[in-house]
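Engineer:
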Amino acid sequence: MSAAAKQSRGVWALAWTRLKADRVGMVCLWIVAAFMVLVVLTAMDVIAGNWQKEIGVPNAPPHIVGPMPPEAVGAIEVPKGPNVDLSDIDPLAPRYAEWEAAASKYKTEEITRAETLPLGADRLGRDILQKVLKGAEVSIVVGLLAALVATFIGTLLGAVSGFFGGKIGDLLEWVYNVFTAIPSILLIFAFAVIFGRGVMSVVLILGLTGWTGIYRLVRAEFMKHRQRDYVRSAEAIGASSASRMFKHILPNVSHVALVQLSLHVVSFIKSEVILSYLGLGVSVDQVSWGTMLSEAQSELILGYWWQLAAVTVTMAVFVTAFALFTDALRDALDPKLRGLE
Amino acid sequence: MLLSIQDLKVAFRLGKEHGEQQRALAVKGVSFDIPENSTVALVGESGSGKSVTAMSILNLLPTNAERSGRILFQGRDLLQASQSELLAVRGKEIACVFQDPMSSLNPVFTVGQQLVEPLITHLRMSAKQALVRAEELLHEVGIPEPKRRLKAYPHEMSGGQQQRVMIAMALACEPKLLIADEPTTALDVTIQRQVMELMGKLKDKHRMSMLFISHDLGVVGEISDHVVVMRHGEIREKAPVADIFNAPQDGYTKALLACRPSLSENPARLMVIDDHIAGKAADMDHKAKDPDAPVVLEVSGLKKSFWLKQGLFGKREFQAVKGVNFKLRKGYTLGVVGESGSGKTTMGLALLRLHEQSNGTQGGQVMFDGRDLLTLGRAEWLQMRRRIQVVFQNPYASLNPRFTIGQTLREPMEIHGIGSSTADREARAVALLVKVGLDETAMHKYPHEFSGGQRQRIAIARCLTLQPEVLVLDEAVSALDVSVQAQVLNLLKDLQDEFGLSYIFISHDLAVVKFISDEVLVMQNGDVVEQAATAELIAAPREDYTRRLLGAVPRGYQGA
Numbered sequence: 001m002s003a004a005a006k007q008s009r010g011v012w013a014l015a016w017t018r019l020k021a022d023r024v025g026m027v028c029l030w031i032v033a034a035f036m037v038l039v040v041l042t043a044m045d046v047i048a049g050n051w052q053k054e055i056g057v058p059n060a061p062p063h064i065v066g067p068m069p070p071e072a073v074g075a076i077e078v079p080k081g082p083n084v085d086l087s088d089i090d091p092l093a094p095r096y097a098e099w100e101a102a103a104s105k106y107k108t109e110e111i112t113r114a115e116t117l118p119l120g121a122d123r124l125g126r127d128i129l130q131k132v133l134k135g136a137e138v139s140i141v142v143g144l145l146a147a148l149v150a151t152f153i154g155t156l157l158g159a160v161s162g163f164f165g166g167k168i169g170d171l172l173e174w175v176y177n178v179f180t181a182i183p184s185i186l187l188i189f190a191f192a193v194i195f196g197r198g199v200m201s202v203v204l205i206l207g208l209t210g211w212t213g214i215y216r217l218v219r220a221e222f223m224k225h226r227q228r229d230y231v232r233s234a235e236a237i238g239a240s241s242a243s244r245m246f247k248h249i250l251p252n253v254s255h256v257a258l259v260q261l262s263l264h265v266v267s268f269i270k271s272e273v274i275l276s277y278l279g280l281g282v283s284v285d286q287v288s289w290g291t292m293l294s295e296a297q298s299e300l301i302l303g304y305w306w307q308l309a310a311v312t313v314t315m316a317v318f319v320t321a322f323a324l325f326t327d328a329l330r331d332a333l334d335p336k337l338r339g340l341e
Numbered sequence: 001m002l003l004s005i006q007d008l009k010v011a012f013r014l015g016k017e018h019g020e021q022q023r024a025l026a027v028k029g030v031s032f033d034i035p036e037n038s039t040v041a042l043v044g045e046s047g048s049g050k051s052v053t054a055m056s057i058l059n060l061l062p063t064n065a066e067r068s069g070r071i072l073f074q075g076r077d078l079l080q081a082s083q084s085e086l087l088a089v090r091g092k093e094i095a096c097v098f099q100d101p102m103s104s105l106n107p108v109f110t111v112g113q114q115l116v117e118p119l120i121t122h123l124r125m126s127a128k129q130a131l132v133r134a135e136e137l138l139h140e141v142g143i144p145e146p147k148r149r150l151k152a153y154p155h156e157m158s159g160g161q162q163q164r165v166m167i168a169m170a171l172a173c174e175p176k177l178l179i180a181d182e183p184t185t186a187l188d189v190t191i192q193r194q195v196m197e198l199m200g201k202l203k204d205k206h207r208m209s210m211l212f213i214s215h216d217l218g219v220v221g222e223i224s225d226h227v228v229v230m231r232h233g234e235i236r237e238k239a240p241v242a243d244i245f246n247a248p249q250d251g252y253t254k255a256l257l258a259c260r261p262s263l264s265e266n267p268a269r270l271m272v273i274d275d276h277i278a279g280k281a282a283d284m285d286h287k288a289k290d291p292d293a294p295v296v297l298e299v300s301g302l303k304k305s306f307w308l309k310q311g312l313f314g315k316r317e318f319q320a321v322k323g324v325n326f327k328l329r330k331g332y333t334l335g336v337v338g339e340s341g342s343g344k345t346t347m348g349l350a351l352l353r354l355h356e357q358s359n360g361t362q363g364g365q366v367m368f369d370g371r372d373l374l375t376l377g378r379a380e381w382l383q384m385r386r387r388i389q390v391v392f393q394n395p396y397a398s399l400n401p402r403f404t405i406g407q408t409l410r411e412p413m414e415i416h417g418i419g420s421s422t423a424d425r426e427a428r429a430v431a432l433l434v435k436v437g438l439d440e441t442a443m444h445k446y447p448h449e450f451s452g453g454q455r456q457r458i459a460i461a462r463c464l465t466l467q468p469e470v471l472v473l474d475e476a477v478s479a480l481d482v483s484v485q486a487q488v489l490n491l492l493k494d495l496q497d498e499f500g501l502s503y504i505f506i507s508h509d510l511a512v513v514k515f516i517s518d519e520v521l522v523m524q525n526g527d528v529v530e531q532a533a534t535a536e537l538i539a540a541p542r543e544d545y546t547r548r549l550l551g552a553v554p555r556g557y558q559g560a
C-alpha cells in the first residue's frame, strides 16, 4: 500500500465531500470563483484597463435600447449649400494656399463616439461594463480584506479572552463593550475622519469596527473547548498555552471563524457601498460599486437607468452566490449538523 | 400476552449516495413477548439495538426510521395505529422512563406543573383534583414533604429524586406497561439500589408489566423475570432469568456474565468475549507483588477548594477535597472510590495541577521523587510532568479530532525531546500502538475512525510515550461496554507488570476497583472515610458508608 492510500481522509476532506454533494453550493462556488478570476484579471489590467476613457456619447444607452434620438439643437437653421466665396475681397486671400499647405501637415482624427455601448455609458461617456468590472475589483477586494482583518482581530482577541478568562478576559470584555456601545455608523464616521479616503482606509475602518461579533463567537468556543478532555490531555503532556490555543483548539473551532469570515465578506461589501455612497469611501479617481450607485442616483432622475441596473444586478449575483456558498460551507463544516443530511 | 413483538425490523435512512437510498439496519427481526404483571429485561452492549427496539413500540424514533413487523399491544397493532391513537396510548397505557433524569425534566416548570399535565390531559381531572393526586404520587415514590416539593424546580432536587419524579410521572395514569430505558445508569450505586427497589415495589403494587433496558446484567438479574439478550440487532438468547444466570446457552451470554468483574471472584485476568467463545478458562494465577517496592508518590494533607460566586462581588470557599493522605508504591494500584460529588476526580486532577489556579486554592504536599509537585516552578514542573500522566473517562473527548493518531502520539515526544528524529518517534509510536493492541495502519487515521475501546487504548499509548512512572486513571473504563472494559482492564494489568507502573485508579464502580487495586481509598464529601488493603476492605469494611456502598453493588440473580 502506498503512503497516500494509507492516509485517511481528515475532517477537511470529509467537509469537501459533503460540499460537493450540495448542488446549490457548488454552483455558487463556481460563480464566486468566476468573480475572483475577474478581480485578478482587472487588477492586472488585462481587462477594464481603460475604464476612464470616454468612448461613448454621454449617457449612451445599452445596445438593446438602441441609440438616442438626436436632440433638438435650437431655433437657428443651419445654412445649406457651399460656403460663400470671399477670396476676391479678402485681403488675406493670397495666403490661403500657404495655410492649406500648413494645415495638411496635421491630421485631424475624427473621434467617433459610440452611439450605444454593451451596457451603456455614464454621463462622461465611460463604458459601464468596464466600470462595473473595475468597481467589482475594488468592492470585492475591500470586502475580502476587511473581513480578513476583522476575523483576524476577532479570532485573536476571542481566543485570548476565552482561553485565559479572568482579568484578561474582563479587560477584553470591556473593550468589546465600548465598541458595541457606540452606534456602528457613528463609529465608522469617527474612523473615517481619522483615516481619510482610499481603499486601504475603507478596509481598516470596516475591519476595526466589524470584529466584535466574531470575537464573541470565538470566545464562547474557546471557553467551551478549554475544558474539554483533549485540551486537558495536552496540558498533561506539557503542551504550552500557545500550543493548546492555536495547535489544539483553533483547528477545532476554525469552522466558526471561516463561516464568519465569509458572512462578513458579504456584509462588508454592502458597508463599502454605503460608505462610498455617503462620500466616505474610496477616493474620487477610483470606482467601486458604491461610487457607481451614488452617481446613478442623479442619472436616474434624467431617465438613464442603465448604470444603476448594471451595478445592482452584478452586486446581487455576487452577494447572493457568496451568501449561499457560505450557507453550504457551514452545513459542510459544522460537525453538529452531521448525520442530518 | 400484554405486548407481543413479532419480527420487528428497524432501519434508518442515511441519505443518498450515487442516487441510491442508503439504509442501516439497526434491528434485524426481533420477536419476544411481555406477559402481564412481569418484568422483561432487554440486555446488550451499545449498538445492540435494545433502545431502538423499545422506542419503536411507541414510535419515539427519529423521523428517518422505518419500522416493519408487528407490535401487538392487547391485540392491537401499534405499527398500524394512527398518530391520534398513538397519542392516546402514550402515557396512559404505556409510559416511559429515560436514562438521564436531569434532561428528561423540563427545567422551567415546577415538578408539580409537570406531574399535573398527564393527569389533566389523559384522565380529564380538574386542576385541583390533579394537584391532590400529584401529591399522592410523590408520596408513593418516596419523596419527603411531597406538598412542598410540588413547588420545587427540577434543579432543586438530587439526581435520585429527579428519577423518582420521572417514575411518578410515568405512573400518573396507571399504565399497563412501563418502558424503562437504562433508568439507573446515570445514578450512584446507593441511589440505583433505592430506585430499583422502588420500581420493583411499584410494579407489584400496580400490577403492571415492565420492559427494563440495561447494559448491566447485575442490575437485570435482580429486577427481571425474563431476559432477552441482544447483540448487533439480533436476539442471542431469551429465557427466564434463572436460566440465563444458571445455565446460559449462548456463547455471548456466557461471555457477558464472565467478563464483568465481580466482588466475589478474584481472577488475575478478566475473560473477554473471544476467550470465552474459544473456551479458555479464566487465568487465576496472580503474580506476587514486591512488598518492599519503593514509594513513588507520597501525598499528605492534599486540599483543594473552589471559589463560588455569592451575591454581586462576594465569593465563598467550597472545599472539594479536605485533606487526603496516601503512599503509592512502585507497581502498585491505589483505587479511589466514591459517589459523584465525593471529590475523587478533583483529587486526581489536583495531583497533576490540572485545575485553574484562579478558581480556588490548593494545599498540602505531593512528594514525588523527593520534591513537592505543588510548589515546583514552571520549568521544573514541565520536567516532572512527563513522569505522572492521566487518562480521562470519555475516550470520545480526550483525543483531538483534528489530529491523526500519529500526530497525537508524536506531540508529547516532541515537547519533551524524546527520540532523536521524526522517524525515531514514529517507530516508538508504532511500537506502543502494537503494545496496546492496535497496528501500524492506525498512525494515519483520525480518532473518529475508532471505537471507544480503541480510543482509550490510544489515550493510554499517548501517556506511555512519555515513559511515566505514575498514571492517574480517572474513570478510565467507565464509559466502555463490559466486554471492552474487560480488555482494557487486562491491558492495564499487563502494562503494569511490564513497566512497573503505579496507578491511581479513580472509579465509582467497586467491582472494577476491586479487580485492579491493591489498596482502596473510600471518599465521601471530600473526606477519606476508609483506607485499607483491597481484600480487607471487601471482606471486612469498618465504616458504615463503605458497607452501604458494598451492599448497593448489583449482584445479579441470586436465586429465590
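So the protein lines, in turn, are chains A and B.
Residue numbering for the first sequence follows this note's numbering, starting at 1 and increasing by one per position.
Residue numbering for the second sequence follows this note's numbering, starting at 1 and increasing by one per position.
Every residue, glycine too, gets a C-beta built ideally from N, C-alpha and C.
Predicted model, so just to flag it, every value in this text is computed and none were measured.
Determine the chain A residues that contact S398 (chain B) at a beta-carbon separation under 9 Å, and present them in chain order.
Structural biologist: R228, D229, Y230, R232 and S233
Engineer: Using only the alpha-carbon positions, how far apart do D122 (chain A) and Y176 (chain A) sit?
Structural biologist: 44 Å
Engineer: Roughly how many angstroms separate the alpha carbons of K493 (chain B) and T465 (chain B), rounded to a whole number?
Structural biologist: 18 Å
Engineer: Does V229 (chain B) pass the burial test, meaning 16 or more other C-beta atoms within 10 Å, or should it be called exposed?
Structural biologist: In the assembly as shown, V229 (chain B) is a buried residue. Its beta-carbon has 16 or more other beta-carbons within 10 Å.
Engineer: For a cutoff of 8 Å on Cβ pairs, would you count Q589 (chain B) as touching chain A?
Structural biologist: With chain B covering only 1 through 560, there is no way to say anything about residue 589 (chain B).
Engineer: Just curious, the beta strand (DSSP E) that S300 (chain B) is in, first and last residue?
Structural biologist: V295 to Q310
Engineer: Measuring only the C-alpha atoms, how far is M199 (chain B) from A242 (chain A)?
Structural biologist: Approximately 52 Å between the Cα atoms of the pair.
Engineer: Could you please give the first and the last residue of the uninterrupted alpha helix (DSSP H) stretch that includes H264 (chain A)?
Structural biologist: L250 to Y277
Engineer: In whole angstroms, what is the alpha-carbon distance linking D225 (chain B) and V241 (chain B)?
Structural biologist: Between D225 (chain B) and V241 (chain B), the alpha-carbon positions lie close to 5 Å from each other.
Engineer: So is A11 (chain B) in contact with chain A if we call contact Cβ pairs under 8 Å?
Structural biologist: no
Engineer: Classify S103 (chain B) as helix, strand or coil using the three-state DSSP reduction.
Structural biologist: In the three-state reduction of the DSSP assignment, S103 (chain B) falls in the helix class, which pools H, G and I.
Engineer: Do you know how far the Cα of Q456 (chain B) is from the Cα of F246 (chain A)?
Structural biologist: 25 Å
Engineer: Mind listing which residues of the region 164-187 of chain A have their C-beta closer than 7 Å to chain B's C-betas, in chain order?
Structural biologist: G166
Engineer: Starting from the beta carbon of A239 (chain A), find every residue of chain B whose beta carbon is closer than 9 Å, and list them in chain order.
Structural biologist: In chain order: E411, P412 and I415.
Engineer: Would N325 (chain B) count as contacting chain A if we go by Cβ distances under 8 Å?
Structural biologist: Under the 8 Å criterion on CB atoms, N325 (chain B) is classed as non-interfacial with respect to chain A.
Engineer: Within 10 angstroms of its Cβ, does H155 (chain B) collect 16 or more other Cβ (buried), or is it exposed?
Structural biologist: exposed
Engineer: Less than 8 Å between CB atoms is the rule here; does N490 (chain B) satisfy it with respect to chain A?
Structural biologist: no
Engineer: From the DSSP output, in three-state form, read off D77 (chain B) for me.
Structural biologist: strand
Engineer: Going by DSSP in three states, K330 (chain B) sits in which element: helix, strand or coil?
Structural biologist: K330 (chain B) falls in the coil class under three-state DSSP.
Engineer: Exposed or buried, what is V40 (chain A) when buried is set at 16 or more other beta-carbons lying within 10 Å of its beta-carbon?
Structural biologist: The Cβ neighbour count for V40 (chain A), taken over all protein chains shown within 10 Å, is under 16; the residue is labelled exposed.
Engineer: Please work out which residues of its chain come closer than 7 Å, Cβ to Cβ, to Y277 (chain A), disregarding the five sequence neighbours upstream and downstream, and give them in chain order.
Structural biologist: G290, L293 and S294
Engineer: Between V16 (chain A) and L333 (chain A), what straight-line distance do the alpha-carbon atoms span, to the nearest angstrom?
Structural biologist: Position check: residue 16 (chain A) holds Trp in this sequence, whereas Val was assumed. So the alpha carbons of these two residues sit roughly 9 Å apart.
Engineer: Specify, as a first and last residue, the run of the beta strand (DSSP E) that Y252 (chain B) falls within.
Structural biologist: Not the beta strand (DSSP E): Y252 (chain B) falls in the alpha helix (DSSP H), residues G251 to C259.
Engineer: In chain order, what residues of the region 371-398 of chain B put their CB closer than 7 Å to some CB of chain A?
Structural biologist: Those residues of the region 371-398 of chain B that come within reach of chain A (Cβ to Cβ, closer than 7 Å) are L382, R385, R386, Q389, V390, F392, N394, A397 and S398.
Engineer: Rounded to whole angstroms, what's the CA-CA distance from L87 (chain B) to S48 (chain B)? Just pull it up for me.
Structural biologist: 28 Å
Engineer: In terms of alpha-carbon separation, which member of A:L129, A:A101 and A:L117 lies closest to V65 (chain A)?
Structural biologist: A:L117
Engineer: What's the call for Y503 (chain B), buried or exposed, on a 16-neighbour Cβ count within 10 Å?
Structural biologist: Flag for Y503 (chain B) reads buried.
Engineer: Output the distance between the C-alpha atoms of P251 (chain A) and L471 (chain B), rounded to the nearest integer angstrom.
Structural biologist: 28 Å
Engineer: For A352 (chain B), which residues in the same chain have their Cβ closer than 7 Å to its Cβ, ignoring the five residues on either side in sequence?
Structural biologist: Here the sequence assigns Leu to residue 352 (chain B), which means Ala is not the residue at that position. Excluding sequence positions up to five before and after L352 (chain B), its CB lies within less than 7 Å of the CB of I388, V390 and V472, all in the same chain and listed in chain order.
Engineer: Quick check on I194 (chain A): does DSSP put it in helix, strand or coil?
Structural biologist: helix
Engineer: Indicate the three-state DSSP secondary structure (helix, strand or coil) for K167 (chain A) in the structure shown.
Structural biologist: helix
Engineer: Which bits of chain E does L473 (chain B) rub up against, with CB to CB less than 8 Å?
Structural biologist: Considering every chain present, this structure includes no chain E. Its protein chains are A and B.
Engineer: Runs of 4 residues minimum, wholly inside the region 342-424 of chain B: which ones carry the alpha helix (DSSP H) assignment?
Structural biologist: 344-351, 378-385 and 405-416
Engineer: How do the region 470-490 of chain B and the region 259-267 of chain B stand: do at least 3 beta-carbon pairs fall below 8 Å, yes or no?
Structural biologist: Three or more beta-carbon pairs separated by less than 8 Å link the region 470-490 of chain B to the region 259-267 of chain B, which places the two stretches in contact.
Engineer: Output needed in chain order: residues of the region 166-199 of chain B with a Cβ under 9 Å from some Cβ in chain A.
Structural biologist: none
Engineer: Is the Cβ of L466 (chain B) closer than 8 Å to any Cβ of chain A?
Structural biologist: yes
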